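S.K.:
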Amino acid sequence: MNYIPVNEPLLNGNEKEYLCECIDKGWISSEGPFVKEFEQKMSVVVNRGYGIAVSSGTAALEIAVQALGIGKGDEVIMPTFTIISCAMAVMKVGAVPVLVDSDLYTWNMNVDEIEAKITPRTKAIMIVHLYGLPVKVDRVMALAKKFNLKIIEDAAEMHGQTYNKKPCGSFGDISIFSFYPNKHITTGEGGMVLTDDKEIAERCRMLRNLCFRKDVRYVHDEISGNYRFTNLQAAVGLAQLERLHEFIEKKRWMGRYYTERLQDVEGLILPIEKTEYAENIYWVYGIVLDKNIQADNRTVQRLLEEEGIGSRAFFWCMHQQPVYQQQGMFVNEMYLNAEYLARKGFYIPSGLALTKEQMNIVAEKVLKVVNNIKKGTE
Ligand SMILES: Cc1ncc(COP(=O)(O)O)c(C=O)c1O
1408 MNYIPVNEPL
1418 LNGNEKEYLC
1428 ECIDKGWISS
1438 EGPFVKEFEQ
1448 KMSVVVNRGY
1458 GIAVSSGTAA
1468 LEIAVQALGI
1478 GKGDEVIMPT
1488 FTIISCAMAV
1498 MKVGAVPVLV
1508 DSDLYTWNMN
1518 VDEIEAKITP
1528 RTKAIMIVHL
1538 YGLPVKVDRV
1548 MALAKKFNLK
1558 IIEDAAEMHG
1568 QTYNKKPCGS
1578 FGDISIFSFY
1588 PNKHITTGEG
1598 GMVLTDDKEI
1608 AERCRMLRNL
1618 CFRKDVRYVH
1628 DEISGNYRFT
1638 NLQAAVGLAQ
1648 LERLHEFIEK
1658 KRWMGRYYTE
1668 RLQDVEGLIL
1678 PIEKTEYAEN
1688 IYWVYGIVLD
1698 KNIQADNRTV
1708 QRLLEEEGIG
1718 SRAFFWCMHQ
1728 QPVYQQQGMF
1738 VNEMYLNAEY
1748 LARKGFYIPS
1758 GLALTKEQMN
1768 IVAEKVLKVV
1778 NNIKKGTE
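In the working numbering, the protein residues as written are 1408 to 1785.
(1) So, are the CB atoms of D1508 and A1770 less than 8 Å apart?
(2) One question on the structure: do I1532 and V1544 come within less than 8 Å of each other, judged by their Cβ atoms?
(3) Measuring alpha carbon to alpha carbon, tell me which of T1593, T1602, T1594, Y1634 ends up nearest M1613.
(4) For Y1742, which residues of its own chain have a beta-carbon under 8 Å away from its beta-carbon, when the five flanking residues on both sides are left out?
(5) Here's a check: name, in chain order, each residue in its chain whose Cβ is nearer than 8 Å to the Cβ of F1619, leaving out the five neighbours to either side.
(6) Can you give me the Cβ contacts of W1434 inside the same chain, cut-off strictly under 7 Å, excluding the 5 residues immediately before and after it?
(7) Quick check on DSSP: helix, strand or coil for Y1684?
(8) Evaluate V1451 with the Cβ neighbour count: other Cβ atoms within 10 Å of its Cβ, from every protein chain shown; 16 or more gives buried, anything less gives exposed.
(9) Can the beta-carbon of M1599 be found less than 8 Å from the beta-carbon of M1449?
(10) Would you tell me roughly how many angstroms separate the C-alpha atoms of R1709 and G1715, rounded to the nearest one?
(11) Got a sec: does ligand 1 put a non-hydrogen atom nearer than 7 Å to the Cβ of D1561?
(12) Rounded to whole angstroms, what's the CA-CA distance from K1557 to L1669? Just pull it up for me.
(13) Name the DSSP bridge partner or partners of K1573?
(14) Compute the beta-carbon to beta-carbon distance between E1444 and A1460, rounded to the nearest angstrom, for a pair I have assumed lies under 8 Å.
(15) Please classify V1626: does DSSP put it in a helix, a strand, or coil?
(16) Relative to the alpha-carbon of D1481, which residue among R1528, D1519, G1458, F1636 has its alpha-carbon at the smallest distance?
(17) Taking a contact to mean a Cβ-Cβ separation below 8 Å, would you say S1757 touches Y1689 in this structure?
(18) Whole angstroms is fine: what's the gap from A1563's alpha carbon to S1582's?
(19) Does the beta-carbon of E1564, which I'm using as the reference point, lie nearer than 7 Å to any heavy atom of ligand 1?
(20) Taking 8 Å as the threshold (C-beta atoms), are E1422 and A1702 in contact?
(21) Pick out whichever of A1642, D1580, M1736, R1750 has its Cα sitting closest to the Cα of I1694.
(22) Pop quiz: G1674 and D1697 are said to be a contact at Cβ under 8 Å. What is the actual Cβ separation, rounded to whole angstroms?
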């Protein structure tokens, strides 16, 4: 049986050539010339003044929060349904994540709940675009303006996506991307912080590199970390970026094709193709089991695995993370939509290297597993 992994990136452009150039010229560290070129080209794609490449999307979030001066006791409003990197970045500076529930239609944060969560301590709103469709940015921008709040835009999964024709990653004070291999553009590991503010950009550069003082090296006024991004990563990133448009088109085709194959399977909620402000770029192809399916995502995943199909569960809510519960956080908080998505959502193989034949097999196996559950054989 040929196993179909949940993600396999496509690396058959100029990646090898640019990597060989790094090795031939001896530029493999973060000082190499591809890093600046990648930052510059990514800033153009996102329509931002400055891009600062860093070691991961998680690092980018940590730098973004610190660069905005968010600190002890400040509150940052964010979705409960997201990756832990978002909450970690807020808590690392001593600030408090304040959570909102999800919208079951787009799987993004429910922006209608934000205003009620604003207090005198609120410093920022972290918007996190998930699974291929953007958050309703206009609504959040209006609130930020009204209450004088910063916006951190987590566009880790949104390479090439737009909101009302404007690039995701171009909104608010600061934005971030991840280049992990399941993203539309990968560098193996990696991330980027983007902003239009020169001072914030300079601060991000400093935070990326141990906070060396400008005037004298090895002397530090502040603590950060080593979040540098290598020339080797940038070489891969540049080759990937050359194909962004093609990759988006392929992912959109994949999304539509999976939907065509799965739309008649009763019990599955499939991703929506478009909203009034964006067309789905299907970061991954997510599926949510409806209430009539008497199983959770883990059961379906186990059965798919037995059929040779890789999958991943959706994110687990922040308010239900054992690590935060042990710290006495989010006591008695409930976010029913997010909890539903976390228990009933999963995604099927969605990597750019996936073939149509593999997608047909995946769709057949999903159908088989869901039918078996419905028949009560599991
Ligand atoms: C929405 C979101 N934010 C942040 C991250 C963190 O990125 P990384 O894995 O590069 O640290 C991810 C990773 O998948 C993500 O999906």
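Every residue, glycine too, gets a C-beta built ideally from N, C-alpha and C.
These figures come from a predicted structure and were not determined experimentally.
M.R.: Taking the definition as stated:
(1) no
(2) no
(3) Y1634
(4) T1487, F1488, L1506, V1507, D1508, S1509, C1724, H1726
(5) M1613, Y1625, V1626, H1627
(6) P1440, N1638
(7) coil
(8) exposed
(9) yes
(10) 10 Å
(11) yes
(12) 41 Å
(13) Y1570
(14) Actually they are not in contact, since the Cβ atoms of E1444 and A1460 sit about 10 Å apart, beyond 8 Å.
(15) coil
(16) R1528
(17) yes
(18) 9 Å
(19) yes
(20) no
(21) R1750
(22) 5 Å
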